[in-house]
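First up is the structure itself, then whatever we jot down about it.
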Amino acid sequence: MRARASDFVNGVTLVGVGVVLLVFFFTGRIDQYLHPQFRPWILVAGVIFCIMGVVYAGAKSTVQCCTGGECVHHANNPFRSLLTFFVLFIPLVAGTVFSKDSFDHNAVLNRGFVNDITRLPGAPSVSKTTSDQAIIPPEMLGVDIDETASQPLPQDDPNRPVSSPQSADANPTPASDDGSAQYLPKSADGNVALDVTDLLYAESEESLRKMFTGKMIEVIGQYLLGADTKHFKLVRMFIVCCAADARPLVLPVEVSTPINASDMGWVKVTGTPAFSPNGERMHVVLKATKVEPADPPADAMLY
Amino acid sequence: MSWFTFTWQNFLFSFLGLAFEGLPFVLVGSLISGGIAVFVPSRLITRLLPKNRVLATLVNGLLGVIFPVCECGIVPIIRRLISKGLPVSCGITFMLASPIVNPIVAFSTFVAFRGQAPWLIMGTRLSLGYLVAVIVGLLLQKVNPETILRERTISIPARRRLTFSVSPLLDAGDGTVTSFSQKLVTAIRMACDDFIDTAIYFMIGAAIAATFNTAVNQEVIQPLATNITLSTFSMMTISVILTLCSTSDAFIAATFVSFPMVARIAFMVFGPMFDLKLFFLYSVLFKKRFVVYLGIGLFIVIGLICSCLLPFFYASQGF
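From first to last, the protein sequence lines stand for chains H and Y. Residue 227 in this note's numbering sits at position 227 of the first sequence, and the numbers go up by one each step. Residue 545 in this note's numbering sits at position 242 of the second sequence, and the numbers go up by one each step.
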């Protein structure tokens, strides 16, 4: 009787874990927690947990599972089964009900901002290929089409110094006539729609700086209060695998008049980027002309 | 800003992230364990294992190449293999090496350090991981397994493994399970038992890691990056607390640009061998005292190699 009760509780725990995983997968909430390559595992694991739970609760435990006729598993102890239920299942249910699927400003500040985005895996989204977005030809990103003369990008070669403020064009002329503008993704308002990462990559990539300077740019991110009312930070979390390793990427924003936005609320900022030297690096500030509340993007995390 | 700021919102988000990332891998490990229990005869394991103890240890350190399992899934497999007759010292070598010496980790390390001498970093990581795992395995060959293994975790027939032994043991369900469907159900039940035994410790480790990840101000650790020895041991301590998966920790290590490369190597070698969740997972199989000694031993050995020897090697490579 004790064994049957234990089997039942264990079975319920496994099915419960499976259901939680499936709920997160089918509601899309898993997108906030995991990198895309890990998400299919949640579906597979959820199904397997459900099957395992049913088999466990239904099958007769007549076979010996350990050597010498002595079972060493703790799972057939009812108290152990209840402990498993409370440690394994209840926290997942509590997370399902109470988690807001995002960090607040304390986590962002505790983790510290990423200072050099080129050290992170990935690439600026403007150079990625997407189905609904034109591809920027390599030569527009500053790549020499003559292979013998090609040089790696700064993020690929740490020995190559990042463009110094002296050599970099601190105030380049608007590059609207260089042919690259037609390849930049546009928003419904006709502004250039970028990610925070694009502007941060531009700090170390002159071709991107030329491409973005002088353009009216639109960026979506989370509002984080700055040092004063005329400055704030636009935050996007960058993940490698899961939310636990998320690192905050921040884009400094300057506004002419104080704005009223909720802490870590999603906002759309429209403005022009300004690149200026700071030590050996270029730094970007988005001079905003408009800041308005926005819906969170489908993928709140960048990767 | 305070060094510790706990909020439930951050804790739950980070905790669920770790759980969702890790539980499928614990499940995979448990399924493999259940499969080994029912479908792999003990005689096969003992026949394939070299009879020479040093050679057996060296071979076990390389099993991850053909049997890539991350550290979350390795414990149930090791428990099962030891039950099947694998010597404890070989099991520990496999347990410590396989989360590092496997093709997935090699690839992720190479990608994460692209542009930063990736071949050298990847080679150093895998070589050092293998070396340390083999050293630990060789050292443990003379140790009585009963002083290491937790009571009632693995049944050891009387005096069967008091020395290095590869004697085949009884298989699960010997004489009672015959048909394939019966074997399958048995394998599933065993996988469930293994999962339940293991996952409970994984969740405790994940909860502690989530608290550190979100509540502790990371600025407090930045001053530690200034000295090679201090930064090496600091990075290993950080790896204990962050409890990252070995398949992805290289991407995190690569972002600690203020820390010397040897410190990041130490992070990537020590972390997959011992961290908070592994402390609890290893406790499923081994006595607490052994787990603590293992952790301290690995901490000192890897720390000394990385802070004292590795800088000379890297200097000779012009790095």
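Where is the CB? At the ideal position from N, CA and C, for every residue including glycine. Because the structure is a prediction, the values reported are computed rather than measured.
Closer than 9 Å by beta-carbon distance: list the chain H residues that pair up with T308 of chain Y, in chain order. Mapped onto the second sequence, residue 308 of chain Y falls at position 5. Within chain H, the residues placing a beta-carbon under 9 Å from that of T308 of chain Y are N106, A107, L109, N110, ordered along the chain.
Grab the span of the beta strand (DSSP E) containing K287 of chain H for me, first residue to last. For this step, residue 287 of chain H is matched to residue 287 along the first sequence. Residues 281–293.
Taking Cβ positions only, does D245 of chain H come closer than 8 Å to chain Y? One-based indexing of the first sequence puts residue 245 of chain H at position 245. Taking Cβ atoms only, chain Y reaches closer than 8 Å to D245 of chain H, which makes this a yes.
Are the region 386–403 of chain Y and the region 569–584 of chain Y touching by the rule of at least three beta carbon pairs closer than 8 Å? yes
If F593 of chain Y sits next to I451 of chain Y, beta carbons under 8 Å apart, how far is it from one beta carbon to the other, in whole angstroms? Taking the first residue of the second sequence as position 1, residue 593 of chain Y is located at position 290. Taking the first residue of the second sequence as position 1, residue 451 of chain Y is located at position 148. Confirmed, about 5 Å.
C-beta atoms of P632 of chain Y and S430 of chain Y nearer than 8 Å: Residue numbering for chain Y in the displayed model covers 304 to 622; residue 632 of chain Y lies beyond these limits and cannot be assessed.
Would you say P390 of chain Y and A359 of chain Y are within 8 Å of each other, going by their C-beta atoms? Along the second sequence, one-based indexing puts residue 390 of chain Y at 87. Along the second sequence, one-based indexing puts residue 359 of chain Y at 56. Closer than 8 Å, so yes.
Please look up how many angstroms separate the CB atoms of S411 of chain Y and A244 of chain H, rounded, as I've assumed it's under 8 Å. Taking the first residue of the second sequence as 1, we reach residue 411 of chain Y at position 108. Taking the first residue of the first sequence as 1, we reach residue 244 of chain H at position 244. Actually they are not in contact, since the Cβ atoms of S411 of chain Y and A244 of chain H sit about 17 Å apart, beyond 8 Å.
Taking I239 of chain H as part of the alpha helix (DSSP H), name the residues at either end of that continuous run. Within the first sequence, the letter at position 239 stands for residue 239 of chain H. Element bounds for I239 of chain H: n/a, residue is neither H nor E.
Comparing C-alpha positions only, which one of Y:A513, Y:S392, Y:C495 sits nearest to A57 of chain H? Within the first sequence, numbered from 1, the residue matching residue 57 of chain H stands at position 57. The option with the nearest alpha carbon to A57 of chain H is Y:C495.
Could you give the first and the last residue of the continuous beta strand (DSSP E) run that contains P273 of chain H? Reading the first sequence from its first residue, position 273 is the one you call residue 273 of chain H. Unbroken beta strand (DSSP E) run through P273 of chain H: 266–278.
Excluding five sequence neighbours on each side, which residues of the same chain lie with their C-beta closer than 6 Å to the C-beta of T330 of chain H? Chain H is shown only over 1 to 303; residue 330 of chain H falls outside these bounds and no answer can be derived.
Flag this pair as yes or no: are the beta carbons of K486 of chain Y and V341 of chain Y separated by less than 8 Å? Sequence index remark: in the second sequence, residue 486 of chain Y carries index 183 (1-based). Sequence index remark: in the second sequence, residue 341 of chain Y carries index 38 (1-based). Yes. Within cutoff.
Three-state secondary structure assigned by DSSP to V437 of chain Y: Position 134 of the second sequence, counted from the first residue, corresponds to residue 437 of chain Y. Reduced to three states, the DSSP call for V437 of chain Y is helix.
Within chain H, partners of F410 of chain Y - CB distance below 9 Å: The residue labelled residue 410 of chain Y in the question sits at position 107 within the second sequence. Within chain H, no residue comes near F410 of chain Y; the closest Cβ sits about 12 Å away, beyond 9 Å.
Alpha carbon to alpha carbon, what distance is there between L366 of chain Y and R464 of chain Y? Counting from one through the second sequence, the residue named residue 464 of chain Y turns up at place 161. Counting from one through the second sequence, the residue named residue 366 of chain Y turns up at place 63. Note on R464 of chain Y: pLDDT 40, under 50, position unreliable in the model; no value is reported.
Cα-Cα separation, V54 of chain H to Q32 of chain H: Position 54 of the first sequence, counted from the start, is the residue given in the question as residue 54 of chain H. Position 32 of the first sequence, counted from the start, is the residue given in the question as residue 32 of chain H. Each residue's Cα considered, the two are about 29 Å apart.
Give me whichever residues DSSP pairs with F232 of chain H in a beta bridge. By one-based count along the first sequence, residue 232 of chain H stands at place 232. Answer is H:L225, H:V253.
Please check if any C-beta of chain Y sits within less than 8 Å of the C-beta of V347 of chain H. There is no way to answer for residue 347 of chain H, as the model of chain H reaches only from 1 to 303.
Thinking C-alpha only, which one of H:V269, H:G16, H:C242, H:L249 is nearest M216 of chain H? Working through the first sequence from its first residue, we reach residue 216 of chain H at position 216. Measuring from the Cα of M216 of chain H, the nearest candidate turns out to be H:V269.
Check whether the Cβ of P78 of chain H lies closer than 8 Å to any Cβ atom in chain Y. Position 78 of the first sequence, counting from 1, holds the residue named residue 78 of chain H. Cβ-Cβ to chain Y under 8 Å: no for P78 of chain H.
Which of helix, strand or coil DSSP assigns to L443 of chain Y: Taking the first residue of the second sequence as position 1, residue 443 of chain Y is located at position 140. It is helical.
Residues of its chain near Q525 of chain Y, where Cβ-Cβ distance is below 8 Å and the 5 sequence neighbours each way are ignored: Within the second sequence, the letter at position 222 stands for residue 525 of chain Y. So the qualifying residues of the chain are S561.
Contacts around L82 of chain H, its chain only, beta-carbon distance under 8 Å, and the 5 residues preceding and following it disregarded: As a working mapping, residue 82 of chain H is identified with position 82 in the first sequence. Cβ within range, chain order: V9.
Cα-Cα, which of H:I42, H:V108, H:L200, H:S187 is closest to T118 of chain H? Residue mapping note: residue 118 of chain H aligns to position 118 of the first sequence, counting from 1. Ranking H:I42, H:V108, H:L200, H:S187 by Cα distance to T118 of chain H puts H:L200 first.
With 8 Å as the threshold, decide whether the Cβ of K363 of chain H is near any Cβ in chain Y. Outside the shown range of chain H (1 to 303) lies residue 363 of chain H, about which nothing can therefore be said.
Chain Y partners of M52 of chain H, CB-CB under 8 Å? For the purposes of this step, residue 52 of chain H is identified with residue 52 of the first sequence, where counting begins at 1. The CB of M52 of chain H comes closer than 8 Å to the CB of I491, A494, C495, F498 in chain Y, given here in chain order.
Just checking my contact of G265 of chain H with P293 of chain H at CB under 8 Å: how many whole Å lie between their CB atoms? Sequence index remark: in the first sequence, residue 265 of chain H carries index 265 (1-based). Sequence index remark: in the first sequence, residue 293 of chain H carries index 293 (1-based). Between P293 of chain H and G265 of chain H the Cβ distance is about 7 Å, and since that is below 8 Å, they are a contact.
Out of H:F38, H:I30, H:N77, which one is the CA nearest neighbour of R4 of chain H? Residue numbering aside, residue 4 of chain H sits at position 4 when the first sequence is read from its first letter. Cα-wise, what sits closest to R4 of chain H is H:N77.
Suppose you measure from the CA of Q133 of chain H to the CA of P185 of chain H; what does that come to, to the nearest Å? Position 133 of the first sequence, counted from the first residue, corresponds to residue 133 of chain H. Position 185 of the first sequence, counted from the first residue, corresponds to residue 185 of chain H. Note that Q133 of chain H scores 41 on pLDDT, short of 50, meaning its location in the model is unreliable and no value can be drawn from it.
Can we count F98 of chain H as close to the ligand MN, meaning its CB is less than 7 Å from some heavy atom? Of the ligands one can find in the structure shown there are none, so the ligand MN has no counterpart to examine.
Among the candidates H:A300, H:V47, H:V17, whose CA atom is the shortest distance from the CA of I90 of chain H? Counted from its first residue, the first sequence places residue 90 of chain H at position 90. For I90 of chain H, the nearest C-alpha among the options comes from H:V17.
Return yes when the Cβ of G440 of chain Y is within less than 8 Å of the Cβ of S392 of chain Y, no when it is not. Against the second sequence, residue 392 of chain Y aligns to sequence position 89. Against the second sequence, residue 440 of chain Y aligns to sequence position 137. Taking a C-beta distance under 8 Å as the contact criterion, S392 of chain Y and G440 of chain Y qualify as a contact pair.
Can you tell me the Cα-Cα spacing of V223 of chain H and L321 of chain Y, whole angstroms? The residue given as residue 223 of chain H occupies position 223 in the first sequence. The residue given as residue 321 of chain Y occupies position 18 in the second sequence. Looking at the sequence itself, residue 223 of chain H is Tyr, so the reference to Val does not match. Cα to Cα, Y223 of chain H sits roughly 26 Å from L321 of chain Y.
Just curious, the alpha helix (DSSP H) that A509 of chain Y is in, first and last residue? The count along the second sequence starts at 1 and reaches residue 509 of chain Y at position 206. Where A509 of chain Y is concerned, the enclosing alpha helix (DSSP H) stretches over 483–518.
Anticipated Cβ contact below 8 Å, E203 of chain H with R111 of chain H, distance rounded: Here residue 203 of chain H corresponds to residue number 203 of the first sequence, with the count starting at 1. Here residue 111 of chain H corresponds to residue number 111 of the first sequence, with the count starting at 1. The beta carbons of E203 of chain H and R111 of chain H sit about 20 Å from each other, so the pair does not count as a contact at 8 Å.
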